[in-house]
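Following: one structure in structure tokens, then a few remarks.
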Amino acid sequence: MSIVTCVSQAQYIFIYQSVLEHHLYGDTELEVANMHRYMHKLHTKQPGSNLTGMETEFKNLTKIPIEKHHMRSGNLPDNISKNRVLQVLPCK
Numbered sequence: 011m012s013i014v015t016c017v018s019q020a021q022y023i024f025i026y027q028s029v030l031e032h033h034l035y036g037d038t039e040l041e042v043a044n045m046h047r048y049m050h051k052l053h054t055k056q057p058g059s060n061l062t063g064m065e066t067e068f069k070n071l072t073k074i075p076i077e078k079h080h081m082r083s084g085n086l087p088d089n090i091s092k093n094r095v096l097q098v099l100p101c102k
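See below:
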């Protein structure tokens with residue numbers, strides 16, 4: 011039996027995006043007790059790189075494909091003037 015016949019399209023998309031996110035970023039869970047250390051790491055330059063941890067994280071975010079149909083409302087005539095940056099639009 012194929013997985014496609016066992017789940018709805020929405021479930022399949024969710025599973026696909028979850029697996030893709032884990033593949034690209036690994037385990038991203040963070041315990042509250044480690045938050046201060048993690049924030050310090052984000053503001054520190056990475057060894058062997060000229061980038062801070064924050065810059066590296068932001069760079070990694072661009073690896074996820076953008077689904078433009080989720081950004082329709084940001085492109086509506088009433089909302090275009092509200093967009094500060096054209097490359098960053100709100101979802102739905």
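Position one of the sequence shown corresponds to residue 11 (the working numbering), numbered consecutively onward. Ideal placement from N, C-alpha and C gives every residue a C-beta, glycine not left out. Remember, predicted model here, so these are calculated numbers, not experimental data.
Beta-carbon proximity list for residue i, same chain, < 8 Å, skipping 5 on both sides
i: valine 17; result: Ile25
i: lysine 51; result: Gly63
i: glutamine 56; result: Thr62, Gly63 and Thr66
i: leucine 30; result: Ile74
Chain-order list of residues whose beta-carbon lies under 7 Å from that of residue i (same chain, five-residue window excluded)
i: threonine 54; result: Thr62 and Gly63
i: asparagine 89; result: Ser83
Residues that DSSP places opposite residue i in a beta bridge
i: threonine 54; result: Beta-bridge pairing links threonine 54 to no other residue.
i: threonine 38; result: Note: threonine 38 sits in no beta bridge, so no partner.
i: threonine 62; result: Lys55
Proximal residues to residue i (C-beta, below 6 Å), its chain only, five neighbours per side dropped
i: histidine 46; result: none
### Query
Using 8 Å as the Cβ pair cut-off and three pairs as the minimum, do the region 25–36 and the region 63–77 touch?
yes
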